[in-house]
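Take a look at the structure below.
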Amino acid sequence: MIGLVDCNNFYVSCERVFQPHLEGVPVGVMSNNDGCVIARSNELKALGVEMGMPAFELQQWVNQGRIRLLSSNYELYGDMSARVREVLEEFSAGVEPYSIDEMFVRFDGFDAATTQALARTLYRNVRQFTGIPVCVGVAHTRTLAKLANRAAKKLPGYHGVCVIPAEGDETRHLLERTALGDVWGVGRRLVERLAIQGIETAWELRNADPKAIRRRYSVTLERTVRELQGTPCIEMNDIDEPRQRIMTSRSFGRLTGDLGELQAAIRQHAQRGAEKLRRQDSQARAVYVFLKTNPHRPDLAQYSPGIIVELPEPTDDSRPILAAAQRGLIEMYRPGYRFMKGGVMLLDLLDTNRQQLSLLDTPEHAAQRERDHQLMATLDELNHKMGRGTVRLGMPRKNAVWHLRCAHRTPRYTTQWGEIPTALA
Amino acid sequence: MRAPEIFHPHPAPPYRALPYPLATIRAGISGFPSPAEDYVGRTLDLNERLVKRPSATFFMSVAGDSMEGFGIHDGDTLVVDRSIDARPGHIVVALVDGEVIVKRYELIGRRPYLCSGNDRYAPIPIADLDCQVWGVVRSVIHEYPV
Numbered sequence: 330m331i332g333l334v335d336c337n338n339f340y341v342s343c344e345r346v347f348q349p350h351l352e353g354v355p356v357g358v359m360s361n362n363d364g365c366v367i368a369r370s371n372e373l374k375a376l377g378v379e380m381g382m383p384a385f386e387l388q389q390w391v392n393q394g395r396i397r398l399l400s401s402n403y404e405l406y407g408d409m410s411a412r413v414r415e416v417l418e419e420f421s422a423g424v425e426p427y428s429i430d431e432m433f434v435r436f437d438g439f440d441a442a443t444t445q446a447l448a449r450t451l452y453r454n455v456r457q458f459t460g461i462p463v464c465v466g467v468a469h470t471r472t473l474a475k476l477a478n479r480a481a482k483k484l485p486g487y488h489g490v491c492v493i494p495a496e497g498d499e500t501r502h503l504l505e506r507t508a509l510g511d512v513w514g515v516g517r518r519l520v521e522r523l524a525i526q527g528i529e530t531a532w533e534l535r536n537a538d539p540k541a542i543r544r545r546y547s548v549t550l551e552r553t554v555r556e557l558q559g560t561p562c563i564e565m566n567d568i569d570e571p572r573q574r575i576m577t578s579r580s581f582g583r584l585t586g587d588l589g590e591l592q593a594a595i596r597q598h599a600q601r602g603a604e605k606l607r608r609q610d611s612q613a614r615a616v617y618v619f620l621k622t623n624p625h626r627p628d629l630a631q632y633s634p635g636i637i638v639e640l641p642e643p644t645d646d647s648r649p650i651l652a653a654a655q656r657g658l659i660e661m662y663r664p665g666y667r668f669m670k671g672g673v674m675l676l677d678l679l680d681t682n683r684q685q686l687s688l689l690d691t692p693e694h695a696a697q698r699e700r701d702h703q704l705m706a707t708l709d710e711l712n713h714k715m716g717r718g719t720v721r722l723g724m725p726r727k728n729a730v731w732h733l734r735c736a737h738r739t740p741r742y743t744t745q746w747g748e749i750p751t752a753l754a
Numbered sequence: 032m033r034a035p036e037i038f039h040p041h042p043a044p045p046y047r048a049l050p051y052p053l054a055t056i057r058a059g060i061s062g063f064p065s066p067a068e069d070y071v072g073r074t075l076d077l078n079e080r081l082v083k084r085p086s087a088t089f090f091m092s093v094a095g096d097s098m099e100g101f102g103i104h105d106g107d108t109l110v111v112d113r114s115i116d117a118r119p120g121h122i123v124v125a126l127v128d129g130e131v132i133v134k135r136y137e138l139i140g141r142r143p144y145l146c147s148g149n150d151r152y153a154p155i156p157i158a159d160l161d162c163q164v165w166g167v168v169r170s171v172i173h174e175y176p177v
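For the record, the sequence lines run as chains X and V. Read in order, the letters of the first sequence correspond to residues 330 to 754 in our numbering. Read in order, the letters of the second sequence correspond to residues 32 to 177 in our numbering.
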């Protein structure tokens, strides 16, 4: 059996752990730069606030004190996510994070009769240990576990935990009540095509002939059918693999055409990107730099260039990456445009441990590489210990346009000593 | 909801070990292994001592003087473990009316109270309060100016 543990309104729940007075209040968390709503409490959902709604449209409610909007606090969410994972790992060696707030948990090796009790324990312990409320769905396959989790969340009778067997009336009822669009891996296009064939619920899809489905649609959908029947077909081996590209970009706080400001922004993005690269033990072969003007300002001249600069050799060193990004910027910069956004993407990543050395490599090279490696490790450690941006290449400007707007960010309660919560004595 | 990036900071602060007295690895020039060799790498780690369950452990700082009788002073750092079920006698962090407070959980007669370690503050009966235990305080860190 496999379980899916899904945190309820994860970002908002993280905030509420340390701000109990937010309990019961409509709370939203905003995207980078406080642009739009990316997470909502149930109360906020009930007010009709949609995902992605621009924050300024809600400003009036904020001013009236009806709702609370917070800047995103990714450091806190990342830490809380790691804690949830750790609690689950006390039970199972097979915990696979699927996203920041969803984790698959293998129930292998446990007696099937105890599954319900075990799932209930996971539900209770994550809530108690971390303060994050979760729902748990358990079934024979990931696709069914997803459905079980959905049921645990939506149907109050389950009290947050739903275990479904492969066969039986309960399973049948649940599948009959599940629209195709709610099945994992079935997109909107497929829903339309299947509807023409008379398949509209998860139950009907389950009873379709897998081979016919494969001929008519795809292997992927055939797998979904088998998964609904209770045969595991989807593995998540790829989930822990490092990402194949790294992107750091951000809207500037205001439009700018000043080369100096753009350079400072690109410098910052390149360094952040290189840091992420080292964290996942990869090296980049190329750097993509891009700028964007504001397409919603037709009164202004539009120019959204992008350029790829190849690195002399694969590297995770901030300096060549930064140099390449700056070269790209100079190459494509044209005065007279006002840019809204800029960013750096690191492309064609490879595993550091499988790096191929150049034919011209010499012992001097190796020694230099070792020194470079140490320099970068020191840089990362300082930034990790003392806070991001303690040591930087070049001097980013104070109050520069690209600084993150996060006027409403809560303290980083669990990752910075200076920001831990206070208990009144 | 998918974050643009996933941070994985460790819930506990980074491993910070105290150096164990380092013995020389070889005894003299004779090349005989030193008896201390077996102990190389053994260090004392305060995290290991104070943080029993990293996933459920949180740090909080103290504001106020009501707990001085229990050795908890203004500005101290509490090590709070959420995985422990509170029993009478535990120092707890509790949520009372949306506020986060630190008190001692006690039974007086057979009624539950949140008690202070300072005579100027009366015990708070929790029977008719909106009160919830947030976590149990395992230890307190008091740093002296040096």
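Ideal Cβ placement from N, Cα and C applies to all residues, glycine included.
For this session: Within its chain, find whatever has a CB closer than 7 Å to the CB of R435 of chain X; leave out the 5 residues flanking it on each side and keep chain order.
Result: Walking along the first sequence from the start, residue 435 of chain X turns up at place 106. Excluding sequence neighbours, R435 of chain X sits near I331, S421 and G423.
Exercise. By how many angstroms is the C-alpha of S400 of chain X removed from the C-alpha of E570 of chain X?
Worked result: Your numbering for residue 570 of chain X matches position 241 in the first sequence. Your numbering for residue 400 of chain X matches position 71 in the first sequence. A caution first: E570 of chain X carries a pLDDT of 39, below 50, which makes its placement in the model unreliable, though a value can still be read off. If you take the alpha carbons of E570 of chain X and S400 of chain X, they lie about 30 Å apart.
Exercise. Taking the continuous alpha helix (DSSP H) assigned at A474 of chain X, which residues delimit it?
Worked result: Within the first sequence, residue 474 of chain X is the residue found at index 145, counting from 1. Start and end: R471 to K483.
Exercise. Chain V beta carbons: is any one of them nearer than 7 Å to that of H350 of chain X?
Worked result: Here residue 350 of chain X is taken as the residue at index 21 of the first sequence, counted from 1. With its beta carbon less than 7 Å from one in chain V, H350 of chain X belongs to the interface.
For this session: Return the bridge partner residues of K605 of chain X from the DSSP annotation.
Result: Here residue 605 of chain X corresponds to residue number 276 of the first sequence, with the count starting at 1. None, per the DSSP bridge assignment.
Exercise. Going along chain X in order, which residues have a C-beta closer than 8 Å to the C-beta of D76 of chain V?
Worked result: Counting from 1 along the second sequence, the entry for residue 76 of chain V is found at position 45. Result: empty, since nearest Cβ-Cβ is about 17 Å, beyond 8 Å.
Problem set entry | Beta-carbon separation (whole angstroms), V465 of chain X vs C336 of chain X, contact threshold 8 Å | To locate residue 465 of chain X, count along the first sequence from 1; it is residue 136. To locate residue 336 of chain X, count along the first sequence from 1; it is residue 7. For a cut-off of 8 Å, the C-beta gap from V465 of chain X to C336 of chain X is around 11 Å, too long to register as a contact.
Problem set entry | Integer Cβ distance of R142 of chain V from K83 of chain V, believed to fall under 8 Å | Position 111 of the second sequence, counted from the first residue, corresponds to residue 142 of chain V. Position 52 of the second sequence, counted from the first residue, corresponds to residue 83 of chain V. So it is not a contact: roughly 30 Å between Cβ atoms.
Exercise. For P154 of chain V, which residues in chain X fall below 9 Å Cβ to Cβ?
Worked result: To locate residue 154 of chain V, count along the second sequence from 1; it is residue 123. Neighbours of P154 of chain V in chain X, taken as residues whose beta carbon is under 9 Å from its own, are absent, since the nearest beta carbon is some 14 Å off.
Problem set entry | Residue interval of the alpha helix (DSSP H) (run including P649 of chain X) | For this step, residue 649 of chain X is matched to residue 320 along the first sequence. S647 to M661 is the span of the alpha helix (DSSP H), which, as asked, contains P649 of chain X.
Exercise. Under a CB-based cut-off of 7 Å, is H173 of chain V close to chain X?
Worked result: Taking the first residue of the second sequence as position 1, residue 173 of chain V is located at position 142. H173 of chain V does not count as touching chain X.
Exercise. In terms of residue numbering, what span does the beta strand (DSSP E) encompassing S342 of chain X cover?
Worked result: Looking up residue 342 of chain X in the first sequence gives position 13. No beta strand (DSSP E) contains S342 of chain X, which is instead part of the alpha helix (DSSP H) from F339 to F347.
Exercise. What residues from chain X crowd round E130 of chain V, counting only those whose CB sits closer than 7 Å?
Worked result: As a working mapping, residue 130 of chain V is identified with position 99 in the second sequence. Ordered by position in chain X, the residues that pass the 7 Å Cβ test against E130 of chain V are L753.
For this session: Look at the Cβ atom of V171 of chain V, then the Cβ atom of L126 of chain V, and state whether they are nearer than 7 Å.
Result: Counted from its first residue, the second sequence places residue 171 of chain V at position 140. Counted from its first residue, the second sequence places residue 126 of chain V at position 95. Taking 7 Å as the Cβ cut-off, V171 of chain V and L126 of chain V do not qualify as a contacting pair.
Exercise. Who are the Cβ neighbours of Q631 of chain X in its own chain at under 6 Å, not counting the five residues just before and after it?
Worked result: As a position in the first sequence, residue 631 of chain X is number 302, starting the count at 1. If we look at Q631 of chain X and ignore the five residues flanking it on each side, its Cβ neighbours are T622.
Problem set entry | For Q163 of chain V, three-class secondary structure by DSSP | Here the question's residue 163 of chain V lines up with position 132 in the second sequence. It is a strand residue.
For this session: Compare the C-beta of R135 of chain V with all C-beta atoms of chain X and state if any pair is closer than 7 Å.
Result: In the second sequence, the residue the question calls residue 135 of chain V occupies position 104. Chain X, which has no Cβ nearer than 7 Å to the Cβ of R135 of chain V, makes this no.
For this session: Below 8 Å on the Cβ atoms is my guess for Q526 of chain X versus R596 of chain X; work out the distance and round it to an integer in Å.
Result: Start at 1 with the first residue of the first sequence, and residue 526 of chain X comes out as number 197. Start at 1 with the first residue of the first sequence, and residue 596 of chain X comes out as number 267. The pair is not a contact, with the Cβ atoms about 55 Å apart (cut-off 8 Å).
Exercise. Who pairs with I756 of chain X in a beta bridge, going by DSSP?
Worked result: Not covered by the structure: residue 756 of chain X. The range shown for chain X is 330 to 754.
For this session: Spell out a yes or no on whether the region 370-384 of chain X and the region 700-715 of chain X are touching, meaning 3 or more CB-CB pairs, one atom from each, closer than 8 Å.
Result: no
For this session: Ignoring anything shorter than 4 residues or poking outside the region 424-466 of chain X, list the alpha helix (DSSP H) runs there in chain order.
Result: 444-459
Exercise. From the beta carbon of F458 of chain X, is the nearest beta carbon of chain V less than 7 Å away?
Worked result: Against the first sequence, residue 458 of chain X aligns to sequence position 129. By this cut-off, F458 of chain X is an interface position.
Exercise. How about Y487 of chain X and A495 of chain X: do their beta carbons lie closer than 7 Å?
Worked result: Numbered from its first residue, the first sequence carries residue 487 of chain X at position 158. Numbered from its first residue, the first sequence carries residue 495 of chain X at position 166. Result no, Cβ atoms of Y487 of chain X and A495 of chain X do not sit closer than 7 Å.
Exercise. Excluding the five sequence neighbours on either side, which residues of its own chain have a C-beta within less than 8 Å of the C-beta of L640 of chain X, listed in chain order?
Worked result: On the first sequence, position 311 is the one that residue 640 of chain X refers to. Cβ within range, chain order: A613, R614, A615, V616, P649, I650 and A653.
Exercise. Does the distance from the CB of V416 of chain X to the CB of F385 of chain X come in under 7 Å?
Worked result: As a position in the first sequence, residue 416 of chain X is number 87, starting the count at 1. As a position in the first sequence, residue 385 of chain X is number 56, starting the count at 1. For the 7 Å CB-CB criterion, V416 of chain X and F385 of chain X do not form a contact.
Exercise. Who are the neighbours of R517 of chain X on chain V, taking C-beta pairs under 8 Å?
Worked result: As a working note, residue 517 of chain X is residue 188 in the first sequence. Ordered by position in chain V, no residue passes the 8 Å Cβ test against R517 of chain X, which lies about 18 Å from the chain.
For this session: Step through the CB atoms of chain X and report whether any lies within less than 7 Å of the CB of R141 of chain V.
Result: Position 110 of the second sequence holds residue 141 of chain V. Not one chain X Cβ lies under 7 Å of R141 of chain V.
Exercise. Are the C-beta of P750 of chain X and some C-beta of chain V separated by less than 7 Å?
Worked result: The count along the first sequence starts at 1 and reaches residue 750 of chain X at position 421. Yes - at least one Cβ of chain V is within 7 Å of the one on P750 of chain X.
Exercise. In this structure, does DSSP put G672 of chain X in helix, strand or coil?
Worked result: Working through the first sequence from its first residue, we reach residue 672 of chain X at position 343. Note: G672 of chain X maps to strand in three-state DSSP.
Exercise. Is E415 of chain X close to chain V, meaning its C-beta is less than 7 Å from at least one C-beta of that chain?
Worked result: Mapped onto the first sequence, residue 415 of chain X falls at position 86. Chain V, which has a Cβ nearer than 7 Å to the Cβ of E415 of chain X, makes this yes.
Exercise. Applying the criterion that 16 or more other CB atoms from any shown protein chain within 10 Å of the CB defines a buried residue, is Y403 of chain X buried or exposed?
Worked result: Mapped onto the first sequence, residue 403 of chain X falls at position 74. Result: buried.
Exercise. Taking three-plus beta-carbon pairs below 8 Å as touching, is the region 75-91 of chain V in contact with the region 102-119 of chain V?
Worked result: yes
For this session: Would you list the one or two residues that DSSP bridges to P143 of chain V?
Result: Translated into the one-based positions of the second sequence, residue 143 of chain V becomes position 112. V:L138, per the DSSP bridge assignment.
Exercise. Shortest alpha-carbon distance to E174 of chain V belongs to which of V:I103, V:T74 and V:S97?
Worked result: Your numbering for residue 174 of chain V matches position 143 in the second sequence. The shortest C-alpha separation from E174 of chain V is found at V:I103.
Exercise. For the ligand NAD, any of its heavy atoms closer than 6 Å to the Cβ of I650 of chain X?
Worked result: Of the ligands one can find in the structure shown there are none, so the ligand NAD has no counterpart to examine.
For this session: Give a yes or no on whether the minimum CB-CB distance between R169 of chain V and chain X is below 7 Å.
Result: Here residue 169 of chain V corresponds to residue number 138 of the second sequence, with the count starting at 1. Closer than 7 Å: no.
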